[in-house]
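Below is one structure; the comments refer to it alone.
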Amino acid sequence: MKPINLSTLIKFAITGAVIALILISLLIFSVNTPKPEWGQHWYIRPLIVTQFVTSIGGIALYLLNLKDFKSKILNLILLICSILIFVFFLWIGTILGLDGTLWN
Numbered sequence: 416m417k418p419i420n421l422s423t424l425i426k427f428a429i430t431g432a433v434i435a436l437i438l439i440s441l442l443i444f445s446v447n448t449p450k451p452e453w454g455q456h457w458y459i460r461p462l463i464v465t466q467f468v469t470s471i472g473g474i475a476l477y478l479l480n481l482k483d484f485k486s487k488i489l490n491l492i493l494l495i496c497s498i499l500i501f502v503f504f505l506w507i508g509t510i511l512g513l514d515g516t517l518w519n
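Heads up, the sequence shown is in our numbering, so the first residue is 416 and it goes up one at a time.
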């Protein structure tokens, strides 16, 4: 197992947050007429929650790839699983961020 590099860990977290920011911004800013019951600043929650949860997914992606197998097939399977886990975090962050507004 490789040692944890804190700067690389932070880079993965920031990358996850940036990916979430881009995707959630595309959803949020495509709304032309938000419902009045959402409130005036309804878009702040999705911008914060989605980035936070997806940055945790980026950290999970990094931590899962610390394990280095001798077999290239096992390394590939681990990489695919870690990417799927990252996508899961992105999906859950989007659901939690948009709950009560666009996700209703």
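Backbone N, C-alpha and C fix where the C-beta goes; we use that ideal spot for every residue, glycine too.
Query raised in the report: If you run the structure through DSSP and keep just helix, strand and coil, what is Trp-453?
Result: Counting from 1 along the sequence shown, the entry for residue 453 is found at position 38. Helix at Trp-453.
Requested in this report: State yes or no: is the C-beta of Ile-474 within less than 8 Å of the C-beta of Leu-424?
Outcome: Locating residue 474 in the sequence shown gives position 59, counting from the first residue. Locating residue 424 in the sequence shown gives position 9, counting from the first residue. The answer is yes: Cβ separation under 8 Å.
Query - Contact under 8 Å by Cβ, Leu-436 with Gln-466 - result: Reading the sequence shown from its first residue, position 21 is the one you call residue 436. Reading the sequence shown from its first residue, position 51 is the one you call residue 466. Their beta carbons are under 8 Å apart, which means Leu-436 touches Gln-466 by this criterion.
Requested in this report: Assuming Leu-479 and Leu-491 form a contact by the criterion Cβ under 8 Å, report the distance between their Cβ atoms to the nearest whole angstrom.
Outcome: Indexing the sequence shown from 1 puts residue 479 at position 64. Indexing the sequence shown from 1 puts residue 491 at position 76. Leu-479 to Leu-491, Cβ: 13 Å. No contact.
Requested in this report: Answer with buried or exposed for Ile-531, where buried requires no fewer than 16 other C-beta atoms within 10 angstroms of its C-beta.
Outcome: Only positions 416 to 519 of the chain appear in this structure, which leaves residue 531 out of reach.
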